[in-house]
Every structure is written in C-alpha cells, then in structure tokens.
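Trainee: Please see the structure below; I have some questions.
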Amino acid sequence: TQLLEQSPQFLSIQEGENLTVYCNSSSVFSSLQWYRQEPGEGPVLLVTVVTGGEVKKLKRLTFQFGDARKDSSLHITAAQTGDTGLYLCAGDDRDDKIIFGKGTRLHILP
Amino acid sequence: DVKVTQSSRYLVKRTGEKVFLECVQDMDHENMFWYRQDPGLGLRLIYFSYDVKMKEKGDIPEGYSVSREKKERFSLILESASTNQTSMYLCASSFPRLGTEAFFGQGTRLTVV
Chain A
-10 TQLLEQSPQF LSIQEGENLT VYCNSSSVFS SLQWYRQEPG EGPVLLVTVV
40 TGGEVKKLKR LTFQFGDARK DSSLHITAAQ TGDTGLYLCA GDDRDDKIIF
90 GKGTRLHILP
Chain B
4 DVKVTQSSRY LVKRTGEKVF LECVQDMDHE NMFWYRQDPG LGLRLIYFSY
54 DVKMKEKGDI PEGYSVSREK KERFSLILES ASTNQTSMYL CASSFPRLGT
104 EAFFGQGTRL TVV
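In order, the protein sequences belong to chains A and B.
Per the numbering used here, the very first residue in the first sequence carries number -10; after that it's consecutive.
Per the numbering used here, the very first residue in the second sequence carries number 4; after that it's consecutive.
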C-alpha cells in the first residue's frame, strides 16, 4: 500500500508569517494533489502537480512536486487567518484509487 | 455547479442497526469513493467503485458493504452498526484519469450509540 506522510501534523503561527508543509512518500506517484478542508465540509481541490520538479502558484500559495515525484510541499507566504484549515495531500495509486495523507491542521492567529 | 450530495449531514443510530448512507453525483463520473475521516487518522478509503456494479475494497472495508446500481449513486451500508463506526463519512467522485480532481460531498457525521 502506498502511503503519504504529512508534516507537521499541527501548525499554529501568527498572521503575516511564512510557512511550509510537507507531503512525503517512499513511492512514486504519477501526480499529487493538495486539498483544503474547512470544518463540517468536504475537501476542496487546490492544485494538482504532475511533472517532477513542477512548481505551481496560487496567489500566496506555492506548490512544488519533487523531482523524483515522491514528495511535495506547500508554501504559504504572509499567512492570513482565512488560510486556517486542514490541508491534505492526495495521490493516485496504481489501481486508480485516490489515497490521502493524514493532513496538516493549520491555525493562523490574528 | 457540480455537485456530490450525501443524503444526511447528521445521523444517530443504535448498535446493531443496518445503516444506509447515500451519495449522488451529477457529473457523470465513473469513479466513486467512500472514505471515513477520524481525528489523527485522516481520510481512509473504505470502498471504491469504477463503474456500475463494480466495486473494490479499500483499506478498511470490514463491517461495510456498498452498492452501485446506477452510475450516479453509490451507497455505503453498515450491516450491523457498532460504536467504532462512529465517524465522519465522506463520499467523492472523479473521472478515471490520473491526477483528476475528486469532488466531495459535505459529509455525514454518523454517531452509533
């Protein structure tokens, strides 16, 4: 079974600070996705990275896919309270199932 | 607006009851998924269906079964509910291409007493 390990599990920082969260695996993935989940709702897709070394930007969020396609990172610049939420990485396994990491719970303090 | 709809937001059931969780999607997706989400354990895949009447076990299928009689509907069945099945249940659907987005329902919080 392919596993996705996310770190840190929890992160609490002040508004305006920068942060990076990580998603790692010992397996190669054809693509990785990042989702954000708010309390009481289902996850919503932020981005999909497909090519090794790829970098995608979504406003203040920067996503990177590792060269070996085994890991990914999410960097947030100048965090805002609206960034608070659960960030999940996900990948397709060989059988077309979508598997998820356990997530990073991010809390931005005003 | 694309939609995955789960039949209930909150459910309370008694131990031993048979429980049906329904999920409907309007995007003509081939793939549908049932996950449960628990604190510290993340989203764990229960069952996956890639076509009508086709299903595959996920990581934690014990105590659950599924039904997919129509493309748009994927049902999760708890044959005899137990307290350890108290959880948030999330349904999702997607096209069968690698890297495609999974769309989620709003979740059903099930409590078994």
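Backbone N, C-alpha and C fix where the C-beta goes; we use that ideal spot for every residue, glycine too.
Is there a C-beta anywhere in chain A that falls below 8 Å from the one on residue 28 of chain B?
Mentor: Answer no: the Cβ-Cβ gap between residue 28 of chain B and chain A never drops below 8 Å.
Trainee: Identify each residue in the stretch 37 to 55 of chain A for which the Cβ-Cβ distance to at least one residue of chain B is less than 7 Å, and report them in chain order.
Mentor: The residues in question are 37 and 39.
Trainee: Can you name the residues that DSSP bridges to residue -7 of chain A?
Mentor: Looking at the DSSP assignment, residue -7 of chain A forms no beta bridge with any residue, so it has no partner.
Trainee: Tell me the rounded alpha-carbon separation between residue 12 of chain A and residue 72 of chain A.
Mentor: Their backbone Cα atoms lie some 18 Å apart in a straight line.
Trainee: If you follow the beta strand (DSSP E) that residue 79 of chain B is part of, which residue opens it and which one closes it?
Mentor: Start and end: 76 to 81.
Trainee: Going by beta-carbon coordinates alone, are residue 1 of chain A and residue 98 of chain A separated by less than 8 Å?
Mentor: Yes, the pair counts as a contact, with Cβ atoms nearer than the cut-off.
Trainee: Is the Cβ of residue 107 of chain B closer than 8 Å to any Cβ of chain A?
Mentor: Closer than 8 Å to some Cβ of chain A, the Cβ of residue 107 of chain B qualifies, so yes.
Trainee: Give me the chain A residues within the contact set of residue 64 of chain B, using Cβ-Cβ distance strictly less than 9 Å, ordered along the chain.
Mentor: Here the premise fails: no neighbours, minimum Cβ distance about 12 Å.
Trainee: I'd like to check one pair, residue 111 of chain B with residue 47 of chain B: are the Cβ atoms closer than 8 Å?
Mentor: Contact: no.
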